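Structure record follows, encoded as structure tokens.
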Amino acid sequence: MEHRFNIYLEYCTIQPKKDGKIKEKQSRVPSILKTDLPQLKLLDKIHIGIEDFYKNEADGYSFEWWSDKENGIGGKLRFSSSKYLFSDAVLYDGEGDEELKYFHPLDYPTPESFVGFIIMPDDTIYESLYYMSVSDYELNNLDLDYDGYTQMAVESRVFNHWQRVLLYYMDGEGIGSVETEIFKREMPKIFPDWTWENFIAKFESLRLSNKDK
Numbered sequence: 005m006e007h008r009f010n011i012y013l014e015y016c017t018i019q020p021k022k023d024g025k026i027k028e029k030q031s032r033v034p035s036i037l038k039t040d041l042p043q044l045k046l047l048d049k050i051h052i053g054i055e056d057f058y059k060n061e062a063d064g065y066s067f068e069w070w071s072d073k074e075n076g077i078g079g080k081l082r083f084s085s086s087k088y089l090f091s092d093a094v095l096y097d098g099e100g101d102e103e104l105k106y107f108h109p110l111d112y113p114t115p116e117s118f119v120g121f122i123i124m125p126d127d128t129i130y131e132s133l134y135y136m137s138v139s140d141y142e143l144n145n146l147d148l149d150y151d152g153y154t155q156m157a158v159e160s161r162v163f164n165h166w167q168r169v170l171l172y173y174m175d176g177e178g179i180g181s182v183e184t185e186i187f188k189r190e191m192p193k194i195f196p197d198w199t200w201e202n203f204i205a206k207f208e209s210l211r212l213s214n215k216d217k
């Protein structure tokens with residue numbers, strides 16, 4: 005159960021759905037990965053828990069909920085299936101971060117953004133997950149590994165653009181300022197037990213840079 009973050013994620017939305025604060029939600033749980041996948045095993049050495057999830061829970065997974073879909077108040081997580089997780093990266097077009105050549109999307113949280121791994125040709129795997137927006141095609145370090153990312157997915161209830169909220173919190177400038185204002189305003193309305201202070205405390209406890217201290 006250690007890596008079944010989806011169970012906790014869906015549990016968090018039960019009461020708000022009953023209270024009418026969430027108007028709709030849905031999830032998709034594909035069948036498990038039925039074969040051993042060397043690339044996944046290698047990835048799991050750095051991003052512990054991902055192999056367990058794909059082989060024992062679902063080969064890919066999606067979940068979304070909406071409080072006000074028209075105004076984008078809601079959230080979504082959509083994990084890639086293993087079939088596409090390790091396919092050739094196609095996001096690099098000669099501009100932007102050259103490491104996009106080696107970027108493999110794990111999560112497609114919005115139509116215009118990706119979160120994924122960097123896997124180099126020599127099988128070196130970066131410890132952190134990276135966020136990328138099609139608006140600039142730059143890689144942004146989330147300072148979280150797979151385990152940390154899935155824990156923060158639960159903590160954020162996958163609210164739209166929660167990754168940008170973390171980036172803005174870390175940098176205090178650039179992308180994420182508007183998203184942060186919306187996040188801090190809307191989350192307590194939908195999830196009364198949620199607080200910004202606990203959200204940040206959780207993030208700080210999971211940051212890779214803090215573990216190295």
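Each number in my numbering comes from the position in the sequence shown (counting from 1) with 4 added on. Heads up, the beta-carbon is just placed ideally off N, CA and C, and yes, glycines get one too. Small disclaimer: the values here were computed from a predicted structure and weren't measured.
Alpha carbon of residue i to alpha carbon of residue j, nearest angstrom
i    : j    : result
E142 : Y112 : 16 Å
G180 : F90  : 29 Å
T199 : P192 : 7 Å
S160 : K105 : 29 Å
S137 : T114 : 9 Å
G152 : E74  : 30 Å
V182 : H165 : 10 Å
F57  : A205 : 25 Å
Y172 : T184 : 8 Å
I77  : S213 : 31 Å
L148 : D23  : 33 Å
K186 : R168 : This sequence places Ile at residue 186; Lys is not what is there. Going by the C-alpha atoms only, they are around 12 Å apart.
L210 : E55  : 20 Å
G178 : E201 : 22 Å
H51  : C16  : 24 Å
E208 : P125 : 31 Å
R32  : F107 : 25 Å
D48  : T154 : 14 Å
F203 : M174 : 13 Å
Q30  : G176 : 34 Å
G53  : L37  : 14 Å
Y88  : K21  : 32 Å
L170 : L146 : 7 Å
G140 : K215 : It is Asp, not Gly, that sits at residue 140 in the sequence shown. Whole-angstrom Cα-Cα distance: 30 Å.
Outcome for residue i when other beta-carbon atoms lying within 10 angstroms are tallied against a minimum of 16
i    : result
P196 : exposed
T128 : exposed
G64  : buried
K59  : buried
G39  : It should be noted that the sequence gives Thr, not Gly, for residue 39. Exposed, because fewer than 16 other Cβ atoms sit within 10 Å of the Cβ of T39.
N144 : buried
P109 : buried
Q19  : exposed
R189 : exposed
Y150 : buried
M156 : buried
Check whether residue i and residue j have beta carbons under 8 Å apart
i    : j    : result
L46  : S66  : no
L133 : S86  : no
W69  : I11  : no
L13  : V158 : yes
I122 : E102 : no
Y135 : S117 : yes
G79  : F9   : no
I194 : S71  : yes
A62  : P42  : no
Query raised in the report: What alpha helix (DSSP H) runs, 4 residues minimum, are completely inside the stretch 120-171?
Result: 150-160
**Report entry** Runs of alpha helix (DSSP H) lying entirely within the stretch 11-89, each at least 4 residues, in chain order
**Finding:** 18-22, 42-50, 54-60 and 86-89
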